[in-house]
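Input: a single structure, listed below in structure tokens.
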Amino acid sequence: MGDITQQPGRLRPAPENFLSEDQVKAVGAGRRDFLRKSFMAASAAMAAPLAARASEGDPNILNLPAWSTSLGQPVATTPYGMPSKFESQLVRRESPGLARVGGASVSFAPLQGLFGIITPSGLHFERHHQGWQDVDPTRHRLMINGSDDSLLKKPKVYTMDELMRMPSVSRIHFIECGANTGLEWGNVAVPTVQYTHGMLSCSEFTGVPLKTLLEDCGVDTKKARYVLAEGADGSSMTRTIPMEMVESGEVFVAYGQNGEMLRPENGYPLRLVVPGVQGVSWVKWLRRIEVGDQPYATKDEAVHYIDLLPNGLHRQYSSIQECKSVITTPSGGQTLVDKGFFNVSGLAWSGRGRIKQVDVSFDGGINWQSARLEGPIQNKALTRFNINWVWDGKPAILQSRAMDETGYVQPTYGQLRKVRGTKSIYHNNAIQSWKVVESGEVTNVQVL
Amino acid sequence: MSRFSKSILAVALGMSVFGSASAVDNFHGVGRQATPAEVKAWDIDVRPDFKGLPKGKGNVERGNELFEEKCASCHGSFGESNEVFTPLAGGTTKDDIKTGRVKGLSSGELPQRTTFTKVATISTVFDYIQRAMPWTAPKSLKPDEVYAILAYLLNLQEIVPADFELSDKNIADVQKLLPNRNGMTTDHGLWPGASAKKGGIGNGGVPDVKNVACMKNCKPEVQIGSTLPDYARTAHGELADQNRNFGPVRGTRTLGPEAARKAADASTLDLATKSGCMACHGVKNKIVGPGFNEVVARYQGQPDAESRLIAKVKAGGQGVWGSIPMPPNAHIKDDDLKTLVQWILAGSK
């Protein structure tokens, strides 16, 4: 950076001119952070002469920026488009200390900066049990068989070619890890909404209803009341799913996600979509479906994903993600830029259906007001809510409380712990509280 | 009435013909019958009633050898290790084996739950070892080896004696001794299928809490149960860098500029993490493979250390550090590989 000539008082036509030849090469080689730094240096260099003119107005208006006075990039410069270089801070992140091995860990979606309800595929949260794989779609197979021959007339094998010829559905659903917010069962443990609630994403998925496939194989649903889904990765993850859900038509084998194929981290080329049910049942890299007449007690429903109760019993086969919500702006680890007007925004969802109402409190739950719900409100999908707020600079505690179409109201920490204690790990859907102090800093607190 | 509406009619007719054809002929030309050999190759699940259990046997002694060779690097020689995964063994008593309920789960005496304090079905453990273990070479164990390893684990848990041989014939008897075999309940509302009364699981979806949507003066005061501890505020890095620098909020600055610079310098560690190295190696500790400090100790002073290590990382290998193989890493770009190896040899700083 030292060889950038700074000549105060001279305007330059384009940021490229601030770079030496070597620096341009570095940028060309993909070191974009470098460009950003140079750009900042350039802005700093420009600031001095402009300060004198501040009385006339905003220098960003008075002095045309480079992007207004130069030729832009040609089409297909990045054949697969990337976010702006200014967006590098909102990425998936791990929570230090949560897992020792990256192959069996979690990365959280940056909910604190996302809008609407669709999670960009590259920011979709990750949870792998034995690392992720990039499976060759031309060699991937889906097998459907029965735990014995009487349950299914004809065990079948489908290629991706064949699955993608079948009648498809496209539906928007949320997926939430059963352990989302699990770090907070006992007490506040993590600073931001990315780590408290970021094992949550929502996409439009495209694929074939499992019901269609099972019928194609001649399933006997009188006997076969359970379905086992199995992955093609090293862990070959398995989970039991009730036939009732399959029969409802809601469960499907998906290859599409947000208009493109699934991402490898999300199960490319095929995953199960089990709307309203915790993410572990949405088996990735799906290779096999077995129909059976009893549940399977697989590792992830007999050792993990079981909820410890105060009496020492574990709840087994707990699957539904109950109604929950969280304010994402403002949220923990953020600081409000100033007093005055804010659009407080957040997400609500329920594994039992549609969101009916979301209420927001600014005084820690003494008084509540209903928020605006952004439509269309969809079954087992995220719903975005917004509410106006004028911050007077005084301490406040922000909470959101969702109600779903069954009339179930999201519980408080006190209510949940009374029944389930503090060691459950899974299915924490308590009301989240964010405390705002005079400085505008927002922190994570728990209101009982 | 034009040709246009006629053509719509023709399309509609055409569709109905195809529609009925597919209903009769299921998706003609789509999918084919699985061969018995194919089903056998993939249908490896073992259920609680032992359907799917392969024939075979293995004793504690053989299990001990196999465990030391293939499992101990992650789980510890006695399944006790908490370094990589939560412990497998420990936490149960003779009395638990009698009652089938692990007392420590309710008394609060257990520092940490182990696999055997939780699992109620022995089939689960067999199934999982067979399908997913060892960590870097899943599905490589033969049935007799799975029986032996499971026999060793059962012995560690003092469920079976040291001279025990586990087999498909006696595994159902061992099930009756599992310390937490009576420790599960399905009496909850979180099963999305039929209720137990209707032959399924659970209470049919009845929630266990009941909040109401009170709107005004809902409680006399706000009771704060917990706030963010100081260590947790900074444990997740610079929060200012995890938000946009424009918009209604900024990320709160949690670290000083010095710490922020350090975090930026951790980019090679980041590269190592992204390249998959940190899944098996620690900087200062062994995980599945050797710690980088051990690698440095072994290769230090060798003039060709860099090129040899680059070749090793690329091709993978087995035997130098034990029997768990290192997978090949052809996906890492040459430049990155060089950066990584130089970083490792320089002490991973």
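Just so you know, the protein sequences line up as chains A and B, in that order.
If you number the first sequence the way our numbering does, the last residue is 448 and the count never jumps.
If you number the second sequence the way our numbering does, the last residue is 797 and the count never jumps.
All residues carry an ideal CB built from backbone N, CA and C; glycine is no exception.
Next on the checklist: Please return the same chain residues whose Cβ sits closer than 6 Å to the Cβ of Met-166 of chain A, not counting the five positions on each side in sequence.
Outcome noted: Excluding the 5 residues flanking it on each side, Met-166 of chain A has same chain C-beta neighbours closer than 6 Å at Val-208, in chain order.
Next on the checklist: Suppose the cutoff is 6 Å on Cβ atoms and the five residues either side in sequence are ignored; what does the same chain contact list for Thr-335 of chain A look like?
Outcome noted: So the list reads Gly-440, Glu-441, once near-sequence residues are dropped.
Item to check | Beta carbon of Ala-745 of chain B nearer than 9 Å to that of Ile-735 of chain B | outcome: Result no, Cβ atoms of Ala-745 of chain B and Ile-735 of chain B do not sit closer than 9 Å.
Checklist entry - Does the Cβ of Arg-372 of chain A have 16 or more other Cβ atoms within 10 Å, making it buried, or fewer, making it exposed? => result With fewer than 16 other Cβ atoms within 10 Å, it is exposed.
Item to check | Segment contact, 8 Å Cβ cut-off, at least three pairs: the segment 269-283 of chain A with the segment 229-239 of chain A | outcome: Output reads yes: the segment 229-239 of chain A touches the segment 269-283 of chain A.
Checklist entry - So, does the CB of Arg-298 of chain A fall closer than 9 Å to a CB anywhere in chain B? => result Here residue 298 of chain A is Thr; the residue named in the question, Arg, does not match the sequence. The Cβ of Thr-298 of chain A sits closer than 9 Å to at least one Cβ of chain B.
Next on the checklist: Mapping the DSSP letters down to three states, classify Glu-176 of chain A as helix, strand or coil.
Outcome noted: In the structure shown, Glu-176 of chain A adopts extended strand secondary structure according to DSSP, grouped into three states.
Next on the checklist: Please give the ranges of any beta strand (DSSP E) in the segment 577-651 of chain B, keeping only runs that are unbroken, at least 3 residues long and fully inside the region.
Outcome noted: You should have 613-615.
Checklist entry - Where does the unbroken beta strand (DSSP E) through Leu-459 of chain A begin, and where does it stop? => result Since the displayed chain A opens at 1 and closes at 448, residue 459 of chain A lies outside it and no answer follows.
Next on the checklist: Mapping the DSSP letters down to three states, classify Cys-662 of chain B as helix, strand or coil.
Outcome noted: Assigned with DSSP and collapsed to three states, Cys-662 of chain B falls in coil, not helix or strand.
Checklist entry - Which whole-angstrom value is the C-beta distance of Ala-109 of chain A and His-124 of chain A, which I expect to be below 8 Å? => result The pair is a contact, with the Cβ atoms about 6 Å apart (cut-off 8 Å).
Item to check | Contact with chain B by Ser-325 of chain A, beta-carbon distance below 9 Å | outcome: Chain B contact via Cβ: absent.
Checklist entry - Given that Gln-410 of chain A touches chain B, what residues does it touch there, using C-beta distances under 8 Å? => result Under the 8 Å cutoff, chain B gives Asn-659.
Item to check | Local conformation of Tyr-679 of chain B per DSSP, three classes | outcome: Three-state DSSP puts Tyr-679 of chain B in a helix.
Item to check | Per-residue DSSP class, three states only, for Trp-490 of chain B | outcome: Helix, per DSSP.
Item to check | Beta-carbon neighbours of Phe-475 of chain B, restricted to chain A and to distances below 7 Å | outcome: When 7 Å is used as the limit between beta carbons, Phe-475 of chain B is near these residues of chain A: Met-166, Asp-216, in chain order.
Next on the checklist: Relative to the C-alpha of Gly-182 of chain A, which candidate in A:Ile-377, A:Gly-218, A:Leu-382, A:Leu-308 has its C-alpha closest?
Outcome noted: Of the candidates A:Ile-377, A:Gly-218, A:Leu-382, A:Leu-308, the one whose C-alpha sits nearest the C-alpha of Gly-182 of chain A is A:Leu-308.
Item to check | Counted within 10 angstroms of its Cβ, other Cβ atoms place Gln-294 of chain A as buried (16 or more) or exposed | outcome: With fewer than 16 other beta carbons inside 10 angstroms of its own, Gln-294 of chain A counts as exposed.
Item to check | Same chain, Cβ closer than 8 Å to Ser-525 of chain B, five either side skipped, listed in chain order | outcome: Only residues of its own chain outside the window of five on either side were considered, and among them Phe-515, Glu-516 have a CB closer than 8 Å to the CB of Ser-525 of chain B, listed in chain order.
Next on the checklist: Can you confirm whether Leu-457 of chain B, when its beta carbon is compared against all beta carbons of chain A, has any partner nearer than 9 Å?
Outcome noted: Because the pLDDT of Leu-457 of chain B is 46, which lies under 50, any placement of that residue in the model is unreliable, and the number read from its coordinates should be weighed accordingly. Output row for Leu-457 of chain B: interface = no.
Checklist entry - When you compare each of A:Gly-231, A:Glu-204, A:Leu-228 to Leu-262 of chain A by their alpha carbons, which one comes out closest? => result For Leu-262 of chain A, the nearest C-alpha among the options comes from A:Glu-204.
Next on the checklist: Determine whether the beta carbon atoms of Pro-191 of chain A and Leu-687 of chain B lie at a separation below 9 Å.
Outcome noted: Yes; because the gap between Cβ atoms is below 9 Å, this pair is in contact.
Checklist entry - Does the distance from the CB of Pro-310 of chain A to the CB of Asp-134 of chain A come in under 9 Å? => result No, they are not a contact pair.
Item to check | Three-state secondary structure (DSSP) of Ala-302 of chain A | outcome: For Ala-302 of chain A, the three-state secondary structure derived from DSSP is coil.
Item to check | Under the three-state DSSP convention, the category Asp-392 of chain A falls into | outcome: Asp-392 of chain A sits in coil when the DSSP states are folded into three classes, being neither helix nor strand.
Checklist entry - Taking the C-alpha atoms as reference points, what is the distance between Lys-518 of chain B and Ser-319 of chain A? => result The straight-line gap separating the alpha-carbon atoms of Lys-518 of chain B and Ser-319 of chain A is approximately 33 Å.
Next on the checklist: Assess contact between the segment 148-168 of chain A and the segment 110-129 of chain A, defined as three or more Cβ pairs (one per stretch) separated by less than 8 Å. Is contact present?
Outcome noted: No: the two stretches stay apart, fewer than three of their Cβ pairs being nearer than 8 Å.
Next on the checklist: Contact criterion: CB-CB distance below 9 Å. Does Glu-441 of chain A meet it with respect to chain B?
Outcome noted: For Glu-441 of chain A, a Cβ of chain B is located within less than 9 Å of the residue's own Cβ.
Checklist entry - Using a Cβ-Cβ distance under 9 Å, would Gly-524 of chain B count as near chain A? => result False, the Cβ-Cβ gap to chain A never drops below 9 Å.
Checklist entry - According to the Cβ coordinates, are Thr-206 of chain A and Tyr-255 of chain A closer than 9 Å? => result Thr-206 of chain A places its beta carbon less than 9 Å from that of Tyr-255 of chain A.
Next on the checklist: So, does the segment 616-631 of chain B touch the segment 548-556 of chain B, judging by three or more C-beta pairs under 8 Å?
Outcome noted: Using a Cβ-Cβ distance cut-off of 8 Å, the segment 616-631 of chain B and the segment 548-556 of chain B are in contact, since at least three pairs of beta carbons, one from each stretch, lie closer than that value.
Checklist entry - To which residues of the same chain is Met-632 of chain B closer than 6 Å at the C-beta, ignoring the five residues directly before and after it? => result Ala-568, listed in sequence order.
Next on the checklist: Is there a C-beta anywhere in chain B that falls below 9 Å from the one on Pro-155 of chain A?
Outcome noted: Cβ-Cβ to chain B under 9 Å: yes for Pro-155 of chain A.
Checklist entry - Can you check whether the CB of Cys-202 of chain A is closer than 9 Å to the CB of Ala-381 of chain A? => result Contact annotation: Ala-381 of chain A and Cys-202 of chain A have beta-carbon atoms nearer than 9 Å.
Checklist entry - So is Gln-334 of chain A in contact with chain B if we call contact Cβ pairs under 9 Å? => result Gln-334 of chain A counts as touching chain B.
Checklist entry - So is Thr-572 of chain B in contact with chain A if we call contact Cβ pairs under 9 Å? => result Yes - at least one Cβ of chain A is within 9 Å of the one on Thr-572 of chain B.
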